[in-house]
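Protein chains in written order, with our numbering: chain A, 1 to 253; chain B, 1001 to 1253. Input: a single structure, listed below in structure tokens.
Protein chains: 2
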Amino acid sequence: MTAPACYMRFVSTQRATGLAKAKRTLKWQRDPEGMRLRILEAAKQEFSAHGLAGARVDRIAANAGANKRMLYYHVGNKDELYLAVLEGAYDKIRSEERGLDLEHLDPPEAIRRLIEFTWNYFLRNPEFLSLLQTENLARAKHLKRSTKVKSMHSPFVEMIGTVVRRGVSSGDFKVAVDPVQLYISIAGLCFFYLSNSATLSVIFGRDLLAKDAKDERLDHMVGLVLAALTGQSAALLAMTKAPKSRAAVAQTV
Amino acid sequence: MTAPACYMRFVSTQRATGLAKAKRTLKWQRDPEGMRLRILEAAKQEFSAHGLAGARVDRIAANAGANKRMLYYHVGNKDELYLAVLEGAYDKIRSEERGLDLEHLDPPEAIRRLIEFTWNYFLRNPEFLSLLQTENLARAKHLKRSTKVKSMHSPFVEMIGTVVRRGVSSGDFKVAVDPVQLYISIAGLCFFYLSNSATLSVIFGRDLLAKDAKDERLDHMVGLVLAALTGQSAALLAMTKAPKSRAAVAQTV
DNA sequence: AGAGAAATTAACCCGTTGGATAAATACTGT
DNA sequence: ACAGTATTTATCCAACGGGTTAATTTCTCT
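Right under this line is the structure:
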């Protein structure tokens, strides 16, 4: 938005004949796939930064280094553009979720990894959070029309179900909690803290996105969920404040 | 929006003199306080339904039964109107929060009440959720300018601190969890489920706002938090799925 | 080479929207 | 009763913003 950053690939064509003139004209080059990608990327940024109504088609075009007409040519009108971005966002997270292997981990560790993944994914993809907020503000009006997203089931629910069952039979976990509820809880613990960090930071008068604050939050969430599942004070210990020195958690994927 | 619902109080003035004409003209009546309230209420609905950019000043005026000029006269431009609504929303929840008395309850019950209050408040005030989402989408740009909201500290953090301390010394709780973290977790568990119910309902292919689903969710949240704090399987039991028959939780305030 | 198709640019259209100006009407105190 | 002020109505407008139309340029295939 700030700098119109022209991504368009220009080529300087120097007429072989008529050299004397040195008439160096800047022309454009075809690149339909690239153009489409740049449009979708710019649209993602725009929609996540300004919401659906606040997004400006002209800005998307400018940031994509394209002419406005290109949006309609390659994707469609504003709504279709928005839906394409949303579908892309779901596609991406689902794909990364599938890459998470919890099979070989013991149940508590598996749950920890699950939380860490969710947390880090949200941290790495703030636009995803914004897009979800925007779509929920619209009461999922667009998502309902998307057969594509509806068919993209998260593997997490099943993964959690398996882990919980293993945990119960191994004695690690005390109770077979509903996987859907646990999934929503884990997502919620991460999501709310990050998506509402702006207002919460103002309310509490401190920066919730500072490194220490984030580390502390992750420890708290893992501790809370594991303590609930295992009933062990071992997990609870991580919840006491001032963990400070905890090493940064590497990206899981 | 649908019906312009003219809230304006009209009075039929019948000229005492000149009776023959029966010139019954509809005139308006002054009501600055009422007008301001109607404007703010209409604005709250509009902003929560459409977000800041999506909100239409004309619709607010129409739904307030007012002339558009009135908005600027009584409150200010769109941004000031929005901030006024936001401040009102915070004011309302803070006020209700203060009404919650946890002193006389034993710690686990106090935590339960806290969660129930939060849950029910969000259920009763969906606009509050929307407004927060909208403000966070704007990265709290407006909230930062509001000295009013900054001074409205939630009593919950301190209340939680007290309850947790009591719980630890009474032996009910195993660990002195950070009150701020716990506050955010409780809010997050409730908030995310409700604010994202639209997309989640599509993803899971079921209505998360159905009565049974909501009851189940509340049980899960209370169970999760209490199990973590107490380490008791008693609390965990409530987390097993299919509680179904649980009586509806009455509004706490 | 060169014709037809694909991709891109440039310019325009027109309803919407936040906001402003000015005039009218209802109160209030004296 | 009336003058002055507070409140409300009636219009207007300039900028914006999504979308369209038409012309231009590049690529591909024969």
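We treat Cβ as the ideally placed atom computed from N, Cα and C, and that holds for glycine.
Asked, Found
"So which residues on chain B does D202(A) lean against when the C-beta distance must stay under 7 Å?", "Reading off the sequence shown, one finds Val at residue 202(A), where the question assumed Asp. The contacting residues are A1140, L1143, K1144, K1150."
"Does the Cβ of S95(A) have 16 or more other Cβ atoms within 10 Å, making it buried, or fewer, making it exposed?", "exposed"
"In the DSSP assignment, the alpha helix (DSSP H) including E96(A) goes from what residue to what residue?", "78–98"
"Residues in the same chain with beta-carbon distance under 6 Å from R1166(B), minus the five sequence neighbours each way, listed in chain order, please.", "P1107"
"Could you name the residues of the same chain whose beta carbon sits closer than 6 Å to that of A55(A), not counting the 5 residues immediately before and after it, in chain order?", "E46, F47"
"For the region 1193–1223 of chain B, which residues have a CB atom closer than 8 Å to at least one CB atom of chain A, in sequence order?", "Y1193, S1195, N1196, S1197, A1198, T1199, L1200, S1201, V1202, I1203, F1204, G1205, E1216, R1217, H1220, M1221, G1223"
"Can you tell me whether A1138(B) is helix, strand or coil according to DSSP?", "coil"
"Work out the CA separation of E97(A) and E80(A) for me, nearest whole Å.", "26 Å"
"Straight-line CA distance for S169(A) to V225(A)?", "18 Å"
"Report yes or no: do the region 138–150 of chain A and the region 194–208 of chain A share at least 3 C-beta pairs separated by less than 8 Å?", "no"
"Against chain B, does G171(A) count as a neighbour if the rule is that its beta carbon must be under 7 Å from one of theirs?", "no"
"With a threshold of 7 Å between beta carbons, is F1128(B) in contact with chain A?", "no"
"Between I186(A) and the rest of its own chain, which residues show a CB-CB distance below 7 Å, the 5 nearest in sequence each way excluded?", "L114, I115, T118, V225"
"Closest to S197(A) by CA distance: which of M221(A), I60(A), K214(A), L83(A) is it?", "K214(A)"
"With a Cβ-Cβ cutoff of 7 Å, do P179(A) and V149(A) count as a contact?", "no"
"Answer yes or no: does any C-beta atom of chain A fall closer than 7 Å to that of N1136(B)?", "yes"
"Using only the alpha-carbon positions, how far apart do N1077(B) and G231(A) sit?", "54 Å"
"Mind checking Q181(A): buried by the 16 CB within 10 Å criterion, or exposed?", "buried"
"With the cut-off set at 7 Å, would you say A1089(B) and F1128(B) are in Cβ contact?", "yes"
"Taking 6 Å as the cut-off, does the CB of G1171(B) come closer than this to any heavy atom belonging to the ligand FAD?", "The ligand FAD is not part of the structure shown, which contains no ligands of any sort."
"Spatial neighbours of A1084(B) within its chain, please: CB distance less than 8 Å, with the 5 preceding and 5 following residues excluded, ordered by chain position.", "L1040, A1043, V1075, G1076"
"With a CB to CB cut of under 7 Å and the five nearest residues on each side skipped, what residues in its chain are close to L1102(B)?", "A1110, R1113, L1114, M1159, V1163"
"Do Y1193(B) and I184(A) have their C-beta atoms within less than 7 Å of each other?", "yes"
"Going by CA-CA distance only, name the one from F173(A), S154(A), L209(A) that's closest to K92(A).", "S154(A)"
"Restricting to Cα atoms, I'd like to know which of D1172(B), A1049(B), Q1133(B), N1120(B) is closest to A1100(B).", "Per the sequence presented here, residue 1100(B) reads as Leu, with Ala not at that position. Considering only alpha carbons, the answer is N1120(B)."
"Inspect the beta-carbon positions of G188(A) and L1209(B) and report whether they are closer than 7 Å.", "no"
"Looking at the C-beta of A66(A), does it have a partner C-beta in chain B at a distance below 7 Å?", "no"
"Do you know whose CA, among R124(A), L37(A), V177(A), lies nearest D1219(B)'s CA?", "V177(A)"
"Tell me the DSSP secondary structure of G260(A) in three-state form.", "Outside the displayed range of chain A (1 to 253) lies residue 260(A), so it cannot be described from this structure."
"V1175(B) to E87(A), Cα distance in whole Å?", "43 Å"
"Helix, strand or coil: which one does DSSP assign to N1067(B)?", "coil"
"Taking A228(A) and A1227(B) to be in contact with their CB atoms under 8 Å, please state how far apart those CB atoms are, rounded to whole angstroms.", "4 Å"
"Taking Cβ positions only, does L189(A) come closer than 7 Å to chain B?", "yes"
"Strictly under 7 Å for the Cβ-Cβ distance: is R246(A) near chain B by that measure?", "Its pLDDT being 37, under 50, R246(A) is placed unreliably in this model, and the coordinates cannot settle the point."
"Would a C-beta distance cut-off of 7 Å place L52(A) and T147(A) closer than the cut-off?", "no"
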